[in-house]
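Have a look at the structure below before the remarks.
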Amino acid sequence: MTSAFSPAVTATAPAKINLILRVGAPDESGYHPLVTVFQAVDLWDEVAIVSADADSLVIEGAGNLSGVPTDRTNIVWKAVDALAHVRGLREPLAITITKTIPVAGGMAGGSADAAATLVALNELWQVGLTSPQILDMAATLGADVPFSLLGGTALGEGRGDLLTPLIRQQPLHLVVVTAPLELSTPRVYKTLDDLRAEGQGTLTPLSSSELDVVIGDDVGELIGVLSNDLQPAALKMAPIVQKNLDVLSEAGALAHLVSGSGPTVFGLCVDATHVADVANFLLQRGFSATPTTSTPLGARLTSSLSSAREAH
Ligand code: C5P
């Protein structure tokens, strides 16, 4: 139950794809060093938080939400605890997540929820953390959480949490295709390790010419650098993913790739008209198809304390 005069603060964070995802051999902690180019896309999860008499978590949204934990294992509680620790006070909260990002789809939906929670709660509790301080906290929650905060386009190194923002001038036009199953990220990384012969997994840094292509406007050149080391592992674990890649090719997408650890895949298109054509082709054949574009934005407040009070 929410407190009588407590306003809800809301924040939103975007899904991501990886335009490039290179994976090295795991370190002692089991994490894999990455060289990746993250791209935020215009699909957003929203987190609404209000002070309450007891903790509660509600998950809303279209699609199959059964894979989202509603108990303490949900990453948003990890974000709450991290912020409460800095604040020195933990009060009960009612949290509602409205999901648009495919669940366990390789598009960092959980990380987006954690990022939005940090932004919303920093406001609700008036903790006063700066953006760099929130970024540092995000890295303790999960490898993709810092990027969910930052958004836009970024080079990711380390576990994917060491970010260098990149500026892309032209939007990318995309069709996202989900699969009716979930892939566990640790299991996809483990499958990649198993697929690789001993000693493989040398990590190649992004060359300056690759970087130029990533930030440039030539979609044709971009196709030449798109890659995902996790794709063979995702395909091994979920052969249906190949069907989704094949139909994107059949539909005339310029390129197609598994998103992160999958099973979601994306097709790259020329423009919004091309996106509509490709999406229609897929929908007519019973596939899922979500048209979207890249976004230069990251996590942000959608309702602050003052706007929530005004609305009350
Ligand atoms: O950091 P996050 O909780 O999102 O990662 C989930 C799992 O994915 C990790 O426990 C690890 O098994 C795997 N992972 C990895 N290397 C990375 C990122 C994630 O092995 N760079």
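This note's numbering numbers the first residue of the sequence shown as 863 and each following residue consecutively. From the three backbone atoms N, C-alpha and C, an ideal C-beta is built for every residue, glycine too. Source: prediction; values computed, not measured.
* Asked: So what's Thr1236 in DSSP terms, helix, strand or just coil?
  -> The structure shown does not extend to residue 1236, since the chain is modelled only from 863 to 1174, so the question has no answer here.
Taking just the CA atoms, how far does Ser1168 sit from Gly1124? 39 Å
Check your understanding: Thinking C-alpha only, which one of Asp1133, Leu1073, Arg1058 and Val1075 is nearest Lys1098?
Key -> Arg1058
Worksheet item: Got a sec: does ligand 1 put a non-hydrogen atom nearer than 7 Å to the Cβ of Thr1002?
Response: no
Given a cut-off of 8 Å, decide if Gly1004 and Ala902 are closer than it, judged by their beta-carbon atoms. Taking the C-beta atoms as reference points, Gly1004 is found no nearer than 8 Å to Ala902.
| query | Using a Cβ-Cβ cut-off of 6 Å (strictly less than) and excluding sequence neighbours within five positions of Thr935, which residues of its own chain qualify? | reply | Nothing listed; no residue qualifies.
Check: Applying the criterion that 16 or more other CB atoms from any shown protein chain within 10 Å of the CB defines a buried residue, is His947 buried or exposed?
Finding: His947 comes out exposed.
Open item on the list: Please report the straight-line C-alpha distance between Asp1079 and Ile937, rounded to a whole angstrom.
Closed with: 36 Å
Q) For the alpha helix (DSSP H) that contains Arg1171, what are its first and last residues? A) Leu1167 to Ala1173
Less than 6 Å between C-beta atoms, sequence neighbours within five positions excluded: which residues of the same chain meet that for Ala956?
Counting only Cβ-Cβ distances below 6 Å, and skipping sequence neighbours, we find Thr864, Val912, Ala914 and Ser918.
What are the uninterrupted segments assigned as beta strand (DSSP E) that are 3 or more residues long and contained completely in the segment 902 to 940, given in chain order?
Within the segment 902 to 940, the complete beta strand (DSSP E) runs of at least 3 residues are 918 to 923.
* Asked: Can you list the beta strand (DSSP E) stretches of 3 or more residues lying completely in the segment 1120 to 1163, in chain order?
  -> 1127 to 1131 and 1152 to 1155
Given a cut-off of 8 Å, decide if Val909 and Thr872 are closer than it, judged by their beta-carbon atoms. yes
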